[in-house]
Amino acid sequence: MEPKETTCRICGGEVREFFDFGRQPLSDSFPSEDELDKEFFFRLRIGMCASCTMVQLLEEVPRDRMFRADYPYYSSGSRRMREHFAATARHLLDTELTGPDPFCVEIGSNDGVMLRVIKDAGVRHLGVEPSGGVAERSRTNGVQVLTAFFEEATAREIADEHGRAQVIYAANTICHIPYLESVFRGVDALLSPDGVFVFEDPYLGDIVERNTFDQIYDEHFYLFTARSVQTAARRFGFDLVDVERLPVHGGEVRYTLARVGGRRPSPRVDDLITTETKCGLGEFATLETFGDRIRQVCKDLVARLRELHDLGFYVVGYGATAKSATVINYAGIGPDLMPCIYDTTPAKVGRYLPGSHIPIRSADELGRPYPDYAVLFAWNHMEEVQAREAEFTAQGGRWILYVPEFRIA
Ligand code: SAH
Ligand code: TMP
Ligand code: ZN
């Protein structure tokens, strides 16, 4: 029998829906003019497993539709993220990759932003990256990469060819993978006996607290907590041995896992789980209240955009992020209210936002002429964007934020 949509992908328990964003396009698929009538849609519904508390989507988008040769997200596009990954690489080099001839594998290595630092240190490494274009970019930077989805079979092949890894690392990727059981089996096959599996992803605690609901989209299949990760890890023979809160992308947690009994867990793990319990993160009522705030903030955003539009102001968008698909399509914002959106990514410019078909222009053209307002969809890069676009505010332009609530900055 086919598993139901409401069957938890981790434990087989019952997933209870707490929000339905309705029909949504692929968030990282920016159609060109002649692709506008060929878009793929799915239903974006999210719930929490009543047994293991894992927050997950109810519908899975086939992975080949999302992670393709022309996947447009390049991790190196932000200075802050380049710095973050360079610091991460140095940390792994100093703490885990210290023995003789260590080997580091990264799942979802994208354009090689992290692994190039590992490569420069002369350490053996391999990226596993299914999206051909970003993988190719990392190769031109001298990074070793396998164009493949990480899963059990891939991991076994890597182990056969290269031996075991001391570190398996992933950023903003494990939450993209519904088939986690296969990933954990792969990690088991590939990781050295005392190695660590380290991954960082958007944190449900920050998402609920800061109302960053637009972190929910097709690629973000799971929203993790320390508790749900610990429960999942134990099912698959691993233990959560450390957690670290990270400020990037609006708040993430870096989870360190080792084989059960392999390392003594840091007290930080229990501390974070205790905090989560105090905040009611594993309770359905908390997520229903979060859902009420999502409805409210989207209503406010559209009402205020309509008001500004009716008053004759010129309002644009800034940052054609994957996140923007959720808010724009759920709120029903179209080119009438927002005639264009600006972005620095060459692979996005000249194309259209998915679903809403708002045209994407190069950020270099923002000042021709400067708009009155710009809605900041790349709110996680606020400082960097504001510094880059200082002239916009100098000319009297104002930024609009919609998380945690509507605000003109
Ligand atoms: N680590 C980078 C990229 C995150 S985007 C960063 O933090 O900026 C997510 C990446 O995961 C994409 O490049 C996508 O192609 C890749 N990905 C998706 N499923 C994967 C899988 N099963 N195995 C390896 N990579 C995967
Ligand atoms: P992200 O939020 O998924 O990291 O995506 C950020 C998007 O914002 C990406 O498309 C690049 C774009 N961007 C700008 O347009 N200007 C900027 O100054 C920065 C930092 C990012
Ligand atoms: Zn479950």
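If you use the working numbering, the sequence shown corresponds to residues 170 to 578, in order. We treat Cβ as the ideally placed atom computed from N, Cα and C, and that holds for glycine.
Sequence-distant residues of its chain with Cβ nearer than 7 Å to residue i (five each side left out)
| i | result |
| --- | --- |
| Lys288 | His294, Gly311, Val312 |
| Ser201 | Arg520 |
| Asn122 | Because the chain is modelled from 170 through 578, residue 122 falls outside the range shown and cannot be assessed. |
| Ala334 | Phe272, Cys273, Val274, Leu359, Leu360, Ser361, Gly364 |
| Arg354 | Glu321 |
| Glu560 | Gly536 |
Cβ pair residue i, residue j closer than 8 Å
| i | j | result |
| --- | --- | --- |
| Val466 | Asn549 | no |
| Asp383 | Val496 | yes |
| Asp197 | Pro231 | no |
| Thr400 | Thr175 | no |
| Phe407 | Arg428 | yes |
| Ala339 | Gly246 | no |
| Ile529 | Lys517 | yes |
| Ser397 | Val224 | yes |
| Phe199 | Leu522 | yes |
Own chain, CB closer than 6 Å to residue i, minus 5 neighbours either side, in chain order
| i | result |
| --- | --- |
| Thr455 | Gly449 |
| Val356 | Ile337, Phe366 |
| Arg432 | Val410 |
| Ala304 | Glu298, Val314, Thr316 |
| Phe254 | Val282, Met283 |
| His569 | Note on identity: in this sequence residue 569 is Ile, with His being the wrong assignment. So the list reads Tyr542, Val544, Ile577, once near-sequence residues are dropped. |
| Arg462 | Asn380 |
| Thr562 | none |
Those residues which DSSP pairs with residue i across a bridge
| i | result |
| --- | --- |
| Tyr511 | Tyr487, Arg530 |
| Ala543 | Val485, Trp568 |
| Val184 | Cys218 |
| Ile577 | Ile569 |
| Gln193 | Phe211 |
| Tyr499 | Its beta-bridge partners do not exist; DSSP assigns none. |
| Tyr521 | Pro528 |
Residues near residue i by beta carbon distance below 8 Å, same chain, minus five either side
| i | result |
| --- | --- |
| Gln564 | Gly536, Tyr539 |
Checklist entry - Do the stretch 386-394 and the stretch 338-346 meet, that is, are 3 or more Cβ pairs less than 8 Å apart? => result In this structure the stretch 386-394 touches the stretch 338-346; the number of beta carbon pairs closer than 8 Å is three or more.
Item to check | beta strand (DSSP E) runs contained entirely in the stretch 335-375, provided each spans 3 or more residues | outcome: 360-371
Checklist entry - Are three or more beta carbon pairs between the stretch 497-515 and the stretch 420-438 nearer than 8 Å? => result Between the stretch 497-515 and the stretch 420-438 there are fewer than three inter-stretch CB-CB distances shorter than 8 Å, so the stretches are not counted as touching.
Item to check | Uninterrupted alpha helix (DSSP H) stretches inside the stretch 390-429 (no shorter than 4 residues) | outcome: 395-404
Checklist entry - Which runs of the alpha helix (DSSP H), 4 residues or longer, sit entirely within the stretch 269-331? => result 284-289, 301-309, 321-331
Checklist entry - Taking only runs of the alpha helix (DSSP H) that begin and end inside the stretch 200-276, which ones reach a length of at least 4 residues, in chain order? => result 232-235, 248-264
Checklist entry - Is there contact here, the stretch 215-225 with the stretch 478-498, by at least three beta-carbon pairs under 8 Å? => result No: fewer than three Cβ pairs fall under 8 Å.
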